[in-house]
Amino acid sequence: MFSFLFFASFGLVAAENGLDGWLRYAPLPSADSYHDGIPSKIVALNDTKISPVYTAGQELQQGISGIFGKELDVQYDDCTSFSSIVVGTVEEYSNGGGETDDIPELEADGFYLSVDGDSVKILGQNERGALYGAFEYLSLLAQGNTSEFSYASNPSAPIRWINQWDNLVSGGTHGSVERGYGGPSIFYKDGYIKEDQTRAAQYARLLASIGVNAVVVNNVNANASFLTEANMDGLKRIADVFRPYGVQLGLSLFFASPKDLGGLDTFDPLDESVVEWWHDVTDKLYRRIPDMAGYLVKANSEGQPGPFTYNRTLADAANLFAKTVKPYGGVCMFRAFVYDHTTLNQTLDWKADRANAAVEFFKELDGQFMDNVVVQIKYGPIDFQVREPVSPLFANLLETNTAIELQITQEYLGQQAHVVYLPPLWKTILDFDLRVEGQPSLTREIVSGARFKRPLGGYAGVANVGTNTTWLGSHLAMSNLYAYGRLAWDPTHSSERLVQDWTRLTFGLDSSVVDTITQLSLESWPAYENYTGNLGIQTLTDILFGHYGPNPASQDGNPWGQWTRADNDSIGMDRTVWNGTGFAGQYPAEVAAMYEDIETTPDDLLLWFHHVPYTQRLKSGKTVIQHFYDAHYAGSATAQTFVSLWESLKGKIDDQRYEEQLFRLKYQAGHSLVWRDAVNGFYHSLSGIADEKGRVGNYSWRIEAENMTLEGYEPYSVHPPSMASETRAIVTSSNSTQGTASAVLSVKPGTYNLAVNYFDLAIGRSKWEVFLNEESVGSWEGDSEYVLGHAPSFYLDGTSATRITFENVEVGNGDLLKIVGVPDGEEPAPLDYVSLLPVGIVD
Ligand code: GCU
Numbered sequence: 001m002f003s004f005l006f007f008a009s010f011g012l013v014a015a016e017n018g019l020d021g022w023l024r025y026a027p028l029p030s031a032d033s034y035h036d037g038i039p040s041k042i043v044a045l046n047d048t049k050i051s052p053v054y055t056a057g058q059e060l061q062q063g064i065s066g067i068f069g070k071e072l073d074v075q076y077d078d079c080t081s082f083s084s085i086v087v088g089t090v091e092e093y094s095n096g097g098g099e100t101d102d103i104p105e106l107e108a109d110g111f112y113l114s115v116d117g118d119s120v121k122i123l124g125q126n127e128r129g130a131l132y133g134a135f136e137y138l139s140l141l142a143q144g145n146t147s148e149f150s151y152a153s154n155p156s157a158p159i160r161w162i163n164q165w166d167n168l169v170s171g172g173t174h175g176s177v178e179r180g181y182g183g184p185s186i187f188y189k190d191g192y193i194k195e196d197q198t199r200a201a202q203y204a205r206l207l208a209s210i211g212v213n214a215v216v217v218n219n220v221n222a223n224a225s226f227l228t229e230a231n232m233d234g235l236k237r238i239a240d241v242f243r244p245y246g247v248q249l250g251l252s253l254f255f256a257s258p259k260d261l262g263g264l265d266t267f268d269p270l271d272e273s274v275v276e277w278w279h280d281v282t283d284k285l286y287r288r289i290p291d292m293a294g295y296l297v298k299a300n301s302e303g304q305p306g307p308f309t310y311n312r313t314l315a316d317a318a319n320l321f322a323k324t325v326k327p328y329g330g331v332c333m334f335r336a337f338v339y340d341h342t343t344l345n346q347t348l349d350w351k352a353d354r355a356n357a358a359v360e361f362f363k364e365l366d367g368q369f370m371d372n373v374v375v376q377i378k379y380g381p382i383d384f385q386v387r388e389p390v391s392p393l394f395a396n397l398l399e400t401n402t403a404i405e406l407q408i409t410q411e412y413l414g415q416q417a418h419v420v421y422l423p424p425l426w427k428t429i430l431d432f433d434l435r436v437e438g439q440p441s442l443t444r445e446i447v448s449g450a451r452f453k454r455p456l457g458g459y460a461g462v463a464n465v466g467t468n469t470t471w472l473g474s475h476l477a478m479s480n481l482y483a484y485g486r487l488a489w490d491p492t493h494s495s496e497r498l499v500q501d502w503t504r505l506t507f508g509l510d511s512s513v514v515d516t517i518t519q520l521s522l523e524s525w526p527a528y529e530n531y532t533g534n535l536g537i538q539t540l541t542d543i544l545f546g547h548y549g550p551n552p553a554s555q556d557g558n559p560w561g562q563w564t565r566a567d568n569d570s571i572g573m574d575r576t577v578w579n580g581t582g583f584a585g586q587y588p589a590e591v592a593a594m595y596e597d598i599e600t601t602p603d604d605l606l607l608w609f610h611h612v613p614y615t616q617r618l619k620s621g622k623t624v625i626q627h628f629y630d631a632h633y634a635g636s637a638t639a640q641t642f643v644s645l646w647e648s649l650k651g652k653i654d655d656q657r658y659e660e661q662l663f664r665l666k667y668q669a670g671h672s673l674v675w676r677d678a679v680n681g682f683y684h685s686l687s688g689i690a691d692e693k694g695r696v697g698n699y700s701w702r703i704e705a706e707n708m709t710l711e712g713y714e715p716y717s718v719h720p721p722s723m724a725s726e727t728r729a730i731v732t733s734s735n736s737t738q739g740t741a742s743a744v745l746s747v748k749p750g751t752y753n754l755a756v757n758y759f760d761l762a763i764g765r766s767k768w769e770v771f772l773n774e775e776s777v778g779s780w781e782g783d784s785e786y787v788l789g790h791a792p793s794f795y796l797d798g799t800s801a802t803r804i805t806f807e808n809v810e811v812g813n814g815d816l817l818k819i820v821g822v823p824d825g826e827e828p829a830p831l832d833y834v835s836l837l838p839v840g841i842v843d
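Anchor point for the sequence shown: position 315 equals 315 in full-length UniProt numbering, and the numbering is continuous, going up by one each time.
See the structure below:
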């Protein structure tokens, strides 16, 4: 429908820190040439500063100034004047004498956008819709689309929320946002709600531009302290800066608040005093925030209190909150992520399965929830893994509103230290046909409310941005936030189109930049799946600690239920009805039958549904174990290419973002090798089956640190063993004295890339320097806990393991390689191995 203009040459833009995200309004090349076609003024049909229509006027003024260098006045009346951009609601427009006959019927938050010569109309069904239309118009202009058109756009679903898992009190090394990798909370500091909510306003601006209409501002693992009078005043401050952007505030509740904060002796959801207490709190909140979106509740899950204490149901709990917010038009989002991690026992019970929990808890409650309750369901039955089947709960709640919970913050998916563009993963879920009652039942049609004719439904995205100017910690990660909003608005958008739009807005219109970032993004999730966890076995991260680096052993033998049931001969969860946990039977008949049968289960979910020998043949003809080996090699090889793809952008984007992302991609390339070797090494030793291609366990370019001549360093057995090459590393013998590891090289003289694998613990900043014949090749610090933002580790393991590479080093036979490590307190400058790689080889 649209034509984009492409430009041959581009001036270099000034350094950018990412704060404006995709709303940079960068000048179009030859911007002046457009001036004649641009309307000469903006007419905003509401001059109240808290109105999204007023915001739209300001935004249009700023955008057109940035994109075209043309300064337009904003006026607040006369919507019929010529050569103007009119923005307002359909009603305001009609009241002002505007002709509305041509405007199609709009749904809540929808808008009509028409560009006809120098007359532009942006009319919303409501004020928020008008602002969305203004952002869409600016997005088209910023991408060089100045054509004429008119169309209406309506959201796929009314709920398009963001969840922030922010804590009031800071804690831990990675700030006060649970599973946040972009720094501490933008809202809170030192236990208080900040006076200055500038970042919250900037966040609301970004979110409004992609159609997000509410933000739950605190962690689902909530506490009662948000409900004190002082903190309710603080929440009002946040809501006040959100409002001009049409973003409503939502709040996560701690179920036991009536007891913890209210001094009652119970939090029974059916107890009169408890009901009254919640009504009172709700009234106090709405007095301050009349447009509050509602509540989000996590109950009886992972240690959170809930109604089970009083033998009440989850519906009793949800309805309690729904009733309190109902008079105000509020919504209660009630999480389906309910399971009991204390009673699952893998060893004793072949049929135990955490994946079964949601349907077991919620199915029988269908029809019992009030119509302003929305059950918020994670996309898969476990927990945001690299691949999961769609949660069967979507097919089991026919008389209940549902929303899908997606995770923008990459908890199990590389924590923004790895690039993983998520829409292709999300689409495997949204486009899945659950075949409820034998009828087409796409997940996206269920959550929109269309399939079961529900009044409410939609999307909740866990974003967890922080104070870092990049918001999420990494520039490229922002495409996930952008795409989330766009997909919630219209889930039929293609992943490719979304990343292209985002790239043009974020990095400019150069088609080689757009193509490169698109390619890298689209290859990133398949690559990550390849080097982390294949065939539906889940992301093999360390699930007991940070959920970041590899640790396949940590999946099993604990009650968290993310089991693989891997032993010496076989692997996978038997979730069949005939012999397993019965999970497959939670789907409607056609889907259940597909997953029940190993022949019809797609390979990419084989180990999710079936327990098979490592020698089981896949549809590709490979065995499971050989597929593991090959996929890990292929995935990490792809990650290496991301570095050179990015390097091709040098000079085509600003230096600051170029350098910052390059640093991360180099880290990812190195860490993908850590993943490859850790996972392959683990299954190699568990199964005893050799890699047909002879790679696993044979690393001919490596010099193991423990085999070098050591002074002030000593060997160290790493646990779990496969997290280090040949299971061992070296650490300095004392916390205060440097160590030296040296070796005389026996190599063919030539140019090599010299890679050093080491462990960077989150304890201090050890220092290393590498020498050849006493001449320094380079030095570095163990500072990743300050620069990468992923969950840190205090041990030598798959999370702290990392690599630095010095390129194009001239090496002669007999040269003396020496690495000096200086510990920093308890961080003992650990080293794993050195790889001397002929240029072109990575290992
Ligand atoms: C995951 C995550 C937790 C979070 C939980 C939830 O388990 O690791 O940090 O609290 O999901 O979604 O409630």
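Heads up, the beta-carbon is just placed ideally off N, CA and C, and yes, glycines get one too.
Euclidean distance between Cα positions of residue i and residue j
i	j	result
aspartate 515	lysine 326	48 Å
valine 247	threonine 266	34 Å
tyrosine 192	methionine 232	11 Å
threonine 641	aspartate 510	21 Å
phenylalanine 369	tyrosine 339	19 Å
tyrosine 595	leucine 816	58 Å
serine 150	leucine 123	11 Å
threonine 409	alanine 299	22 Å
phenylalanine 2	glutamine 656	Here the model assigns phenylalanine 2 a pLDDT of 39, short of 50, so the residue's position is not dependable, and the following value carries that caveat. Computed Cα separation, rounded: 32 Å.
asparagine 568	proline 526	27 Å
valine 577	lysine 351	10 Å
alanine 724	arginine 695	16 Å
tryptophan 502	tyrosine 482	7 Å
tryptophan 426	isoleucine 162	16 Å
Beta-carbon proximity check, residue i vs residue j, cutoff 8 Å
i	j	result
glycine 457	alanine 157	yes
glutamate 714	isoleucine 703	no
glycine 789	asparagine 551	no
valine 513	glutamine 668	no
serine 153	glutamate 136	yes
serine 495	leucine 522	yes
phenylalanine 394	isoleucine 382	no
tyrosine 295	aspartate 268	no
glycine 66	threonine 80	no
valine 133	aspartate 109	One detail in the question is off: residue 133 reads as glycine in this sequence, not valine. Taking 8 Å as the Cβ cut-off, glycine 133 and aspartate 109 do not qualify as a contacting pair.
valine 217	phenylalanine 254	no
Three-state secondary structure (DSSP) of residue i
i	result
serine 779	strand
methionine 333	strand
tryptophan 578	coil
tyrosine 528	helix
valine 822	strand
tyrosine 54	helix
proline 424	helix
asparagine 753	strand
For a minimum of 4 consecutive residues, which ranges assigned as the alpha helix (DSSP H) are wholly contained in the segment 755-808?
784-787
Residue ranges of each alpha helix (DSSP H) run of no fewer than 4 residues wholly in the segment 179-231, ordered along the chain?
198-208
For the structure I just gave you, are there three or more beta carbon pairs, one from the segment 275-287 and one from the segment 322-338, closer than 8 Å?
yes
Below 8 Å, can you find three or more Cβ-Cβ pairs linking the segment 460-470 to the segment 387-399?
no
Just checking, does the segment 658-672 make contact with the segment 562-571 on the three C-beta pairs under 8 Å criterion?
no
Is it true that the segment 822-840 meets the segment 690-709, where meeting means three or more beta-carbon pairs spaced less than 8 Å apart?
yes
Are the segment 434-452 and the segment 582-599 in contact at 8 Å, needing three or more beta carbon pairs?
yes
Mind listing, in chain order, the continuous alpha helix (DSSP H) runs of no fewer than 4 residues lying wholly within the segment 257-303?
257-260 and 272-288
Complete alpha helix (DSSP H) runs within the segment 603-684 (minimum length 4 residues, chain order)
606-609 and 624-647
Is there contact between the segment 740-760 and the segment 795-814, where contact requires at least three CB pairs shorter than 8 Å?
yes
Residue ranges of each beta strand (DSSP E) within the segment 324-404, 3 or longer
331-335 and 373-378
What are the start and end residues of each continuous alpha helix (DSSP H) run of 4 or more residues lying completely inside the segment 91-143, in chain order?
127-142
Determine, using beta-carbon pairs with one atom in the segment 793-808 and one in the segment 756-770, whether at least three such pairs fall under 8 Å.
yes
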